[in-house]
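A.B. asks: Have a look at this one before I ask anything.
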Amino acid sequence: MLDVIKPLVATLFMPLPLAILLALLGGFSLLLGRRLLGRFLVVLALVVIFVASWQPVADRLLGSLEWAHAPVQDPTTYADVSSVVVLGAGWSPEMEAPASIRLNDSGTHRLLEGLRLLEGLPEARLVVSGGSRDPDRVPTAVGYAEAARALGVDAARIVVLDTPVDTAQEAYAVREVLGEGERFLLVTSASHMQRAVRHFQRAGLEPIPAPTRFKTGREPGARLSYWVPSAGELRKTERAVYEYLGLLALGLDHRGRR
134 MLDVIKPLVA TLFMPLPLAI LLALLGGFSL LLGRRLLGRF LVVLALVVIF
184 VASWQPVADR LLGSLEWAHA PVQDPTTYAD VSSVVVLGAG WSPEMEAPAS
234 IRLNDSGTHR LLEGLRLLEG LPEARLVVSG GSRDPDRVPT AVGYAEAARA
284 LGVDAARIVV LDTPVDTAQE AYAVREVLGE GERFLLVTSA SHMQRAVRHF
334 QRAGLEPIPA PTRFKTGREP GARLSYWVPS AGELRKTERA VYEYLGLLAL
384 GLDHRGRR
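This is the structure:
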């Protein structure tokens with residue numbers, strides 16, 4: 134039941150669908166002669182869109198998630214780490230192109246960071262994760278592995294986990310391949326890291342966070358665009374709302390989706 138409810142709730146609480154719903158309710162209220170309520174709902178819809186698309190708000194919401202864990206500056210300080218785990222993202226397996234090009238932005242950032250960390254840990258292995266809900270679609274982990282090999286990583290150092298389709302499943306799949314007390318670096322997008330760490334802790338593991346793909350943290354300076362609402366800032370707010378809802382869902386069901 135939760136698997137049906139959670140995507141629906143997540144969709145309805147996104148700023149744009151929420152604003153559209155408020156505007157529609159406002160329009161119906163005006164048609165029914167309830168002018169005060171109708172005007173209030175329409176104005177509220179506009180305020181939701183404006184605030185969600187405004188960088189000061191978007192950065193505050195997303196930044197509190199992204200900077201809960203700092204990036205790993207020097208991987209050589211983790212000499213006892215035996216694995217670098219890269220969580221799955223999206224890719225386009227049907228595209229006629231090298232695997233590195235078929236990865237989406239999140240996947241590219243995650244794999245690149247994983248390879249950077251691996252370079253400083255010559256004895257560590259690369260654990261790439263990510264399955265597919267479509268049995269006819271090549272899993273993301275396979276794309277990661279192909280791209281890593283093309284970039285010079287020895288195939289013997291790569292462990293492919295191509296069955297988990299969400300973060301909870303990834304945590305348990307990683308647990309199956311790690312030795313007792315084995316230390317590992319966990320690579321995922323910065324906004325997703327808090328939720329990922331909690332999933333891994335639920336599985337009895339203690340990951341070392343290695344976040345990547347930060348979208349906040351840059352100084353706004355005197356740029357006019359910082360104060361002007363934009364679609365890019367709306368996407369940042371949507372990402373933050375999605376992750377906050379995912380963290381909330383962990384209290385009810387630890388199988389929260391990525």
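Mapping the sequence shown onto this note's numbering, position 74 (from 1) lands on 207, and the numbers just tick up by one. Even for Gly, the Cβ is constructed at its ideal location relative to N, Cα and C. Note that this is a predicted model, so its numbers are computed, not measured.
Can you list, in chain order, the residues of its chain whose CB lies under 7 Å from that of residue 329, leaving out five sequence neighbours each side?
C.D. replies: Taken in chain order, the residues that qualify are 220, 300, 319 and 321.
A.B. asks: Are three or more beta carbon pairs between the stretch 152-167 and the stretch 308-315 nearer than 8 Å?
C.D. replies: No: fewer than three Cβ pairs fall under 8 Å.
A.B. asks: Identify, in the order they occur along the chain, each residue of the same chain with its Cβ nearer than 7 Å to the Cβ of residue 239, setting aside the five sequence neighbours on each side.
C.D. replies: Contacts found: 222, 223, 322 and 346.
A.B. asks: Just to confirm, are residue 294 and residue 317 a CB contact at a threshold of 9 Å?
C.D. replies: Contact flag unset, no.
A.B. asks: Taking three-plus beta-carbon pairs below 8 Å as touching, is the stretch 255-263 in contact with the stretch 180-199?
C.D. replies: The stretch 255-263 vs the stretch 180-199: no contact.
A.B. asks: Alpha carbon to alpha carbon, what distance is there between residue 302 and residue 336?
C.D. replies: Approximately 9 Å, taken between the alpha carbons.
A.B. asks: Can you tell me the Cα-Cα spacing of residue 315 and residue 230, whole angstroms?
C.D. replies: Their backbone Cα atoms lie some 36 Å apart in a straight line.
A.B. asks: Residue 297 to residue 278, Cα distance in whole Å?
C.D. replies: Looking at the two C-alpha atoms, the distance is approximately 15 Å.
A.B. asks: Exposed or buried, what is residue 286 when buried is set at 16 or more other beta-carbons lying within 10 Å of its beta-carbon?
C.D. replies: Result: buried.
A.B. asks: Residues in its own chain within less than 8 Å of residue 172 by CB, not counting five upstream and five downstream?
C.D. replies: The residues are 159 and 163.
A.B. asks: According to the Cβ coordinates, are residue 250 and residue 189 closer than 9 Å?
C.D. replies: In this structure, residue 189 does not lie closer than 9 Å to residue 250 by Cβ.
A.B. asks: With 16 as the cutoff for other CB atoms within 10 Å, does residue 365 come out buried or exposed?
C.D. replies: Burial call: exposed.
A.B. asks: From residue 272 to residue 161, what distance separates their C-alpha atoms?
C.D. replies: Using only the alpha carbons, I get a separation of about 45 Å.
A.B. asks: Inspect the beta-carbon positions of residue 371 and residue 149 and report whether they are closer than 9 Å.
C.D. replies: Cβ atoms of residue 371 and residue 149: closer than 9 Å.
A.B. asks: If we call anything under 9 Å between Cβ atoms a contact, is residue 216 one with residue 292?
C.D. replies: Contact flag set, yes.
A.B. asks: Excluding the 5 residues preceding and the 5 following residue 144 in the sequence, name in chain order all residues of the same chain whose CB lies nearer than 8 Å to its CB.
C.D. replies: So the list reads 150, once near-sequence residues are dropped.
A.B. asks: Hey, residue 178 and residue 156 are a contact pair by Cβ (cut 8 Å); roughly how many whole angstroms apart?
C.D. replies: The pair is a contact, with the Cβ atoms about 4 Å apart (cut-off 8 Å).
A.B. asks: Could you tell me which uninterrupted beta strand (DSSP E) segments, each at least 3 residues in length, are contained entirely in the stretch 235-288, listed from first to last along the chain?
C.D. replies: If we require 3 residues or more, the beta strand (DSSP E) runs fully inside the stretch 235-288 come out as 258-262.
A.B. asks: How should residue 358 be labelled, buried or exposed, when 16 other C-beta atoms within 10 angstroms of its C-beta is the threshold for buried?
C.D. replies: Looking at its Cβ environment, which holds fewer than 16 other Cβ atoms inside 10 Å, residue 358 is exposed.
A.B. asks: Output the distance between the C-alpha atoms of residue 212 and residue 324, rounded to the nearest integer angstrom.
C.D. replies: Roughly 26 Å separates the two Cα atoms.
A.B. asks: Helix, strand or coil for residue 215 per DSSP?
C.D. replies: Three-state result, residue 215: coil.
A.B. asks: Determine the burial state of residue 284: buried for a count of at least 16 other Cβ atoms within 10 Å of its Cβ, exposed for fewer.
C.D. replies: Under this definition residue 284 is an exposed residue.
A.B. asks: For residue 334, does the count of other Cβ atoms within 10 angstroms reach 16, so buried, or fall short, so exposed?
C.D. replies: Counting Cβ neighbours within 10 Å, residue 334 comes out exposed, since fewer than 16 surround it.
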